[in-house]
Structure formats: structure tokens, C-alpha cells
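> Sharing a structure with you now.
Residue numbers (the numbering used here): 129 to 277.
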């Protein structure tokens with residue numbers, strides 16, 4: 129589906145084509161406040177949210193050659209934030225599970241956070257459509273990296 133390119137979309141498209149760090153800086157300045165709000169909501173604290181934002185833009189740099197220009201920039205960026213939030217949560221949960229033994233019960237807040245993250249990933253998956261949703265399933269569901277997919 130064709131859509132008029134917003135400034136954010138044009139910046140991401142230009143960065144994906146040129147790799148110009150000044151364009152990346154403008155993209156960051158334009159999207160960071162919104163992405164930081166999403167990251168804070170996903171992880172619950174500002175410190176982790178800032179880390180997720182940084183990881184998101186490292187991913188943008190690394191994946192710039194694979195960006196699909198038919199996709200909107202902000203949902204794509206939010207998806208990256210969501211992926212990093214999920215990984216962070218899983219890493220922390222593994223640490224908790226391994227340190228507390230098999231008989232320990234999960235914290236209700238962690239269960240609620242898992243449910244919220246799953247709902248957000250489901251919404252993002254629905255927005256992405258095919259074939260991106262299938263790739264997301266392979267990445268998040270089966271833990272495959274980009275090369276494996």
C-alpha cells in the first residue's frame with residue numbers, strides 16, 4: 129500500500145541508502161522522545177529505556193541495508209524497541225529462574241509484564257503483515273537470528 133512519506137520515513141529511507149550519520153542524527157532527534165516513551169512503558173524504568181533506545185539505533189545502523197522502504201519508519205522502530213525489550217526481559221527472567229531454583233514461583237508483576245509485552249508484540253505483528261510477521265515469529269518465537277532466518 130502506498131502512503132505519503134512523512135519526514136521520519138524520508139529520513140530513515142535516506143539513512144538506509146546513504147549511511148549518512150547526520151541523517152541518522154536527525155532521525156534520532158525526531159523519533160527518540162516517542163521511542164523512549166515506548167521503551168519506558170515496556171521496561172518500566174528510565175535507565176533500561178535509555179539502554180533500549182541506544183540498542184535500537186545500533187540495530188538501525190546494522191540493519192540499514194535491509195530496511196524495506198515500503199514500511200513506515202515509526203512502527204519499524206517500535207518493533208525494534210519491542211524486540212530488545214523482550215530480549216532484556218528474557219535475560220532477566222533466565223537469571224531469576226536459574227538463581228531461585230525450580231520450585232520458586234514467578235512474580236505476578238513479571239507475569240503481567242510478559243502479558244503486556246506479548247500483547248504489544250501481537251499488535252506490532254498485525255501491523256507488519258506478511259512476510260514480516262513470519263520473520264518476527266522466527267526471530268522471537270524460535271530465537272533465530274537474521275542469518276539463520
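Where is the CB? At the ideal position from N, CA and C, for every residue including glycine.
Remember, it's a predicted structure, so these values are computed and weren't measured experimentally.
For a test of the three-state rule: what should DSSP assign to residue 275, helix, strand or coil?
By 1-based counting over the chain shown, the position of residue 275 is 147. Correct three-state label for residue 275: coil.
> Can you list, in chain order, the residues of its chain with a C-beta nearer than 7 Å to that of residue 213? Leave out the 5 residues immediately preceding and following it.
Looking up residue 213 in the chain shown gives position 85. Contacts found: 167, 170, 171, 180, 245.
> Once DSSP output is grouped into helix, strand and coil, what is the label at residue 173?
For this step, residue 173 is matched to residue 45 along the chain shown. Annotated three-state conformation of residue 173 is coil, per DSSP.
> On the DSSP letters alone, give me the boundaries of the alpha helix (DSSP H) that residue 258 sits inside.
The residue you call residue 258 lines up with position 130 of the chain shown. Counting along the chain, residue 258 falls outside any alpha helix (DSSP H), and DSSP gives it neither H nor E.
> Report yes if the CB atom of residue 210 is closer than 7 Å to the CB atom of residue 248, and no otherwise.
Within the chain shown, residue 210 is the residue found at index 82, counting from 1. Within the chain shown, residue 248 is the residue found at index 120, counting from 1. Closer than 7 Å, so yes.
> Quick check on DSSP: helix, strand or coil for residue 198?
As a position in the chain shown, residue 198 is number 70, starting the count at 1. Coil.
> For residue 156, collect the residues of the same chain with a Cβ closer than 7 Å to its Cβ; drop the 5 residues on either side in sequence, then sort them by chain order.
What you label residue 156 is simply residue 28 of the chain shown in a count that begins at 1. Excluding its 5 nearest sequence neighbours in each direction, residue 156 has C-beta neighbours in its own chain below 7 Å: 185, listed in chain order.
> Would residue 205 and residue 163 qualify as a contact pair, given that the criterion is a beta-carbon distance under 7 Å?
Position 77 of the chain shown, counted from the start, is the residue given in the question as residue 205. Position 35 of the chain shown, counted from the start, is the residue given in the question as residue 163. The answer is yes: Cβ separation under 7 Å.
> Expressed to the nearest angstrom, what Euclidean distance is found between the alpha-carbon atoms of residue 199 and residue 152?
Residue mapping note: residue 199 aligns to position 71 of the chain shown, counting from 1. Residue mapping note: residue 152 aligns to position 24 of the chain shown, counting from 1. Cα to Cα, the separation comes out at about 17 Å.
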